[in-house]
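Chains W and Y, in that order, are what the protein sequence lines are. Numbering of the first sequence is given in my numbering, commencing with residue 24 and proceeding in unit increments. Numbering of the second sequence is given in my numbering, commencing with residue 26 and proceeding in unit increments.
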Amino acid sequence: GESVGLHLPTLSVQEGDNSIINCAYSNSASDYFIWYKQESGKGPQFIIDIRSNMDKRQGQRVTVLLNKTVKHLSLQIAATQPGDSAVYFCAEPQRGGNKLVFGAGTILRVKS
Amino acid sequence: GAVVSQHPSRVICKSGTSVKIECRSLDFQATTMFWYRQFPKKSLMLMATSNEGSKATYEQGVEKDKFLINHASLTLSTLTVTSAHPEDSSFYICSALTRALETQYFGPGTRLLVL
Chain W
24 GESVGLHLPT
34 LSVQEGDNSI
44 INCAYSNSAS
54 DYFIWYKQES
64 GKGPQFIIDI
74 RSNMDKRQGQ
84 RVTVLLNKTV
94 KHLSLQIAAT
104 QPGDSAVYFC
114 AEPQRGGNKL
124 VFGAGTILRV
134 KS
Chain Y
26 GAVVSQHPSR
36 VICKSGTSVK
46 IECRSLDFQA
56 TTMFWYRQFP
66 KKSLMLMATS
76 NEGSKATYEQ
86 GVEKDKFLIN
96 HASLTLSTLT
106 VTSAHPEDSS
116 FYICSALTRA
126 LETQYFGPGT
136 RLLVL
């Protein structure tokens, strides 16, 4: 079935290092992917998105890479800061509709 | 842009009472809103899709008479938890979507505790 999943449930990084959060998806027809950040006790916050006609998209300190060959998505955070500590979800619209299919989430912990 | 608010942010109620949660899109019109429930350290679970002017579509296993949804305008959807019980305690999050934006933008969530 369609699913979006994450490889690593928890990622600990040192402040200042780069973080890479991975996501695998199973629907090869997916054409749009989104990364969300959720801080404790808050709703998910849109970070960045990417369409399937792109391999890479950059934002402020974040980069999303899409490898359609292996159906893999990653979020790279440069110079990770304590404020980046949160749960990160990848998501994709369900086939034929607006519903989002969420991955399980990766907890990012930044050590000072 | 694309700000979604929820009210209240936190509510504590007695078992058997009903609780209404509001979701508002502040700077855009949302033809569709979604309601999610989230347990600690878990992903978001979609409860229902709310379309302005029509009945909500509930996900399998979600009781429509228990979780009443009203989407009366393009900027407001409400979720009412009727006859709440302790097992209804959770974090409820809404999101809003327009075709122009394509992306779902989420509210800050409402923490419900039923005693």
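Glycine is no exception: its CB is placed at the ideal position from the N, C-alpha and C atoms.
Quickly, what does DSSP pair residue i with across the bridge? List them, please.
i	result
T105(Y)	K45(Y) and L93(Y)
F64(Y)	According to DSSP, which records beta bridges pairwise, F64(Y) is partnered with nothing at all.
R132(W)	S35(W)
Q31(Y)	C48(Y)
F125(W)	A114(W)
A147(Y)	What is shown of chain Y runs 26 to 140, which leaves residue 147(Y) out entirely.
T82(Y)	T74(Y)
F116(Y)	Q63(Y) and R136(Y)
S40(Y)	DSSP output for S40(Y) lists no bridge partner at all.
L99(Y)	DSSP output for L99(Y) lists no bridge partner at all.
Within this structure, are the beta carbons of residue i and residue j separated by less than 7 angstroms?
i	j	result
S114(Y)	L93(Y)	no
P33(Y)	G66(W)	no
R92(W)	S42(W)	Reading off the sequence, residue 92(W) comes out as Thr, not Arg. No, they are not a contact pair.
T129(W)	I71(W)	no
V87(W)	I73(W)	yes
S108(W)	R80(W)	no
L51(Y)	S75(Y)	no
L99(Y)	E77(Y)	yes
L98(W)	L89(W)	no
N50(W)	T57(Y)	no
Q68(W)	V110(W)	no
I46(Y)	T107(Y)	no
K89(Y)	Y83(Y)	yes
Y48(W)	F112(W)	no
F125(W)	S68(Y)	yes
For residue i, count the other beta carbons within 10 Å of its own beta carbon; 16 or more makes it buried, fewer makes it exposed. Which is it?
i	result
P116(W)	buried
R118(W)	exposed
R49(Y)	buried
A97(Y)	exposed
F64(Y)	exposed
A52(W)	exposed
K134(W)	exposed
S120(Y)	buried
G86(Y)	exposed
T103(Y)	buried
G106(W)	exposed
S79(Y)	exposed
I37(Y)	exposed
S63(W)	exposed
R62(Y)	buried
Below 8 angstroms on the Cβ atoms is my guess for residue i versus residue j; work out the distance and round it to an integer in Å.
i	j	result
S43(Y)	P111(Y)	Contact doesn't hold; Cβ gap of about 15 angstroms is too wide.
A55(Y)	T123(Y)	6 angstroms
W60(Y)	Y117(Y)	7 angstroms
Along the chain, which unbroken stretches of the beta strand (DSSP E) at least 3 residues long are found entirely within the segment 33 to 107 of chain W?
33 to 37, 42 to 48, 55 to 61, 68 to 74, 79 to 81, 85 to 90 and 95 to 100
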